[in-house]
Amino acid sequence: MYDIKQLYEPKTVKEALLLRKEHPEALVLAGGSDILIQIREGKLAGCELISIYALDELRGICIEEDGSLLIRPLSSFTDVVMHPLIKKHMPVLGEAVEQIGGPQIRNIGTIGGNICNGVTSADSAGTLKAYDAMLEIASLEGTRILPYADFNLKPGKVDLHPGEILTGIRIPKASYDKTYAHFIKYAMRRAMDIATLSCSVNVRLTDDKQKVERLRIAFGVAAPIPIRAFTAEKSANGHLLNEALINKVAEGALADVMPRTSWRASKEFRLHLVEELARRATLTSIEKAGGKING
Numbered sequence: 309m310y311d312i313k314q315l316y317e318p319k320t321v322k323e324a325l326l327l328r329k330e331h332p333e334a335l336v337l338a339g340g341s342d343i344l345i346q347i348r349e350g351k352l353a354g355c356e357l358i359s360i361y362a363l364d365e366l367r368g369i370c371i372e373e374d375g376s377l378l379i380r381p382l383s384s385f386t387d388v389v390m391h392p393l394i395k396k397h398m399p400v401l402g403e404a405v406e407q408i409g410g411p412q413i414r415n416i417g418t419i420g421g422n423i424c425n426g427v428t429s430a431d432s433a434g435t436l437k438a439y440d441a442m443l444e445i446a447s448l449e450g451t452r453i454l455p456y457a458d459f460n461l462k463p464g465k466v467d468l469h470p471g472e473i474l475t476g477i478r479i480p481k482a483s484y485d486k487t488y489a490h491f492i493k494y495a496m497r498r499a500m501d502i503a504t505l506s507c508s509v510n511v512r513l514t515d516d517k518q519k520v521e522r523l524r525i526a527f528g529v530a531a532p533i534p535i536r537a538f539t540a541e542k543s544a545n546g547h548l549l550n551e552a553l554i555n556k557v558a559e560g561a562l563a564d565v566m567p568r569t570s571w572r573a574s575k576e577f578r579l580h581l582v583e584e585l586a587r588r589a590t591l592t593s594i595e596k597a598g599g600k601i602n603g
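Residue numbers for the sequence shown follow our numbering, beginning at 309 and rising by one.
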């Protein structure tokens, strides 16, 4: 049995927002693959829940009039993996979330819940940050748009105010257009495990395939929150496709991360992974884009 004080099941987003305002201590339940486990373990025993799982208006993936890719937060990981728009415009996101848990978890778990948990190991987080995702956050007072880069405040804490609900994740066309990407998750097991470290890279090459027009790189479990490696990005943009580029990305990544030692891995091993995964993900992204590293 689950020790739940009260379960509210709104029928509309507006009703959910009303409940959020009336019950500020209540937790929002999406897929439940994280919250229900914590309740069962006793960590959240006696809590109030607002289940938004039945709100189909918070599901779906589409292209907006301005070309941005809109992902509604209740889209399951399986929805993301299988959706033709993700496969066409941002396949790396599907590749990332396909590595979450097993089929049962991917069928029930949601992409919105994954990022609202605020954990650094969220498998969707690095790719969304590397693609300059923008978040649509609604309240009874209206909707605000927040860069996902500013959403994580500290481990397990995100910038959701009392009375707010995440209603959309937007990827600007300028971020996904003509880009090629690769995601690597290093874990102790090959399946159904939390990342020891993850890296997501996307690149856009110049038309002649000789230089990097733009590179984005982000990491999970390399700092208290998922982070972009801006030093690495700055060193890569405009660079010729050669071995020096790969070295600069790896060195720049090391300058940006702040890993810690845990039971999964030491700080030193995570630093090694940062450097190695940055190299591999960058090289593969360039190859996917039709480029070739010259000696």
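Ideal Cβ positions, reconstructed from N, Cα and C, are used throughout, including at glycine. In this text the structure is predicted, and so the values were computed from the model without any measurement.
- If you ignore the 5 residues before and after Arg478, its C-beta comes within less than 6 Å of the C-beta of Ser376, Leu378, Met442, all in its own chain and listed in chain order.
- DSSP, reduced to helix, strand and coil, places Met390 within a helical segment of the structure shown.
- Exposed is the label assigned to Glu551, since fewer than 16 other Cβ atoms lie within 10 Å of its Cβ.
- DSSP, reduced to helix, strand and coil, places Pro455 within a strand of the structure shown.
- Cys507 is not a Cβ neighbour of Ala433, given a cutoff of 7 Å.
- Counting only the Cα atoms, Pro381 lies some 6 Å from Arg367.
- As the crow flies, the alpha-carbon of Lys396 is around 20 Å from that of Ala589.
- Taking a C-beta distance under 7 Å as the contact criterion, Ala540 and Val557 qualify as a contact pair.
- With fewer than 16 other Cβ atoms inside 10 Å of its own Cβ, Lys313 counts as exposed.
- For Val509, the uninterrupted beta strand (DSSP E) run begins and ends at 505 to 513, by DSSP.
- In the three-state reduction of the DSSP assignment, His580 falls in the helix class, which pools H, G and I.
- Going by C-alpha positions, Glu595 is about 49 Å away from Cys355.
- For Gln346, the enclosing alpha helix (DSSP H) starts and ends at 343 to 348.
- Under the three-state reduction of DSSP, Glu551 is assigned to helix.
- Straight across, the Cα-Cα distance linking Leu393 with Gly599 is about 24 Å.
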